[in-house]
């Protein structure tokens, strides 16, 4: 008889703590977005640059797994970022670092898809953590006369090779 009374209480506690995590996570996301707006002059469209499990689950999962070479890091048991931000301008990267520092968020960076170890997918050291996906920063500039090249960090090896 004691087990039946404990089960509803346990269920209530689980739901209560889950709702606290969601509220905290959502407020961190909003705080991060507000901080980004304060620290950059270049606008960014939220629907194309910001992905969170609470706001757009299918897109979040698609973006998270888009460059996964090591599938063990995308399993359900591995910790996931609270949200993913895909900057479209260099100033957004700087603002992301400033904001994650101010909000006490651990920052993981994913660039051109050469993360075979999966280090940008998880953070076993600290929670919460966010993922900055630099795949939209992929410009390649080759100057034959100057014998130089500039490559943004989001470029893939294939884009660089065929340039």
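In the numbering used here, the protein residues as written are 302 to 464.
We put the beta carbon where it would ideally sit given N, CA and C, even for glycine.
A quick note: this is a predicted structure, and the numbers were derived from the prediction, not measured.
(request) Report buried or exposed for residue 433, applying the criterion of at least 16 other Cβ atoms within 10 angstroms of its Cβ. (result) Looking up residue 433 in the chain shown gives position 132. Its Cβ being crowded by 16 or more others within 10 Å, residue 433 is buried.
(request) Let me know the alpha helix (DSSP H) ranges lying completely inside the segment 352–437, each 4 residues or longer, listed in chain order. (result) 358–366, 391–404
(message) Tell me the DSSP secondary structure of residue 334 in three-state form.
(response) For the purposes of this step, residue 334 is taken as residue 33 along the chain shown, with counting starting at 1. Of the three classes helix, strand and coil, the one that applies to residue 334 here is helix, per DSSP.
(request) Along the alpha helix (DSSP H) that carries residue 441, what are the first and last residues, could you check? (result) The count along the chain shown starts at 1 and reaches residue 441 at position 140. No alpha helix (DSSP H) contains residue 441, which is instead part of the beta strand (DSSP E) from 441–444.
(request) Per DSSP, which residues does residue 452 bridge with? Please list them. (result) As a working mapping, residue 452 is identified with position 151 in the chain shown. According to DSSP, which records beta bridges pairwise, residue 452 is partnered with 441.
(request) Take every Cβ of the segment 337–347, pair it with every Cβ of the segment 387–395, and state whether three or more of those distances are shorter than 8 Å. (result) yes
(request) Tell me where the alpha helix (DSSP H) around residue 462 begins and ends. (result) To locate residue 462, count along the chain shown from 1; it is residue 161. That run of the alpha helix (DSSP H) goes 458–462.
(message) For the pair the segment 343–358 and the segment 372–392, tell me if three or more CB-CB distances fall below 8 Å.
(response) yes
(request) For residue 436, count neighbouring Cβ atoms within 10 angstroms of its own Cβ and tell me buried if that reaches 16, exposed if not. (result) Taking the first residue of the chain shown as position 1, residue 436 is located at position 135. With 16 or more Cβ atoms within 10 Å of its Cβ, residue 436 is classed as buried.
(message) Using only the alpha-carbon positions, how far apart do residue 361 and residue 446 sit?
(response) Start at 1 with the first residue of the chain shown, and residue 361 comes out as number 60. Start at 1 with the first residue of the chain shown, and residue 446 comes out as number 145. Their backbone Cα atoms lie some 43 Å apart in a straight line.
(request) Using a threshold of 7 Å, state whether the C-beta atoms of residue 452 and residue 438 are closer than that. (result) As a position in the chain shown, residue 452 is number 151, starting the count at 1. As a position in the chain shown, residue 438 is number 137, starting the count at 1. No, the Cβ-Cβ distance between residue 452 and residue 438 is not below 7 Å.
(request) Check the C-beta distance from residue 430 over to residue 411 and give it rounded, since I have them as a contact under 8 Å. (result) Here residue 430 corresponds to residue number 129 of the chain shown, with the count starting at 1. Here residue 411 corresponds to residue number 110 of the chain shown, with the count starting at 1. Contact flag wrong, Cβ pair sits at about 12 Å.
(message) Can you find the residues in the same chain that come closer than 8 Å, C-beta to C-beta, to residue 463, ignoring five residues on each side of it along the sequence?
(response) Sequence index remark: in the chain shown, residue 463 carries index 162 (1-based). Cβ within range, chain order: n/a, list empty.
(message) By alpha-carbon positions, which one of 364, 442, 400 ends up nearest to residue 514?
(response) Here the chain comprises residues numbered 302 to 464, so residue 514 is not present and cannot be evaluated.
(message) Using 8 Å for Cβ pairs, my map puts residue 404 next to residue 336. What's the rounded Cβ distance?
(response) One-based indexing of the chain shown puts residue 404 at position 103. One-based indexing of the chain shown puts residue 336 at position 35. Yes, they are in contact, since the Cβ atoms of residue 404 and residue 336 sit about 7 Å apart, within 8 Å.
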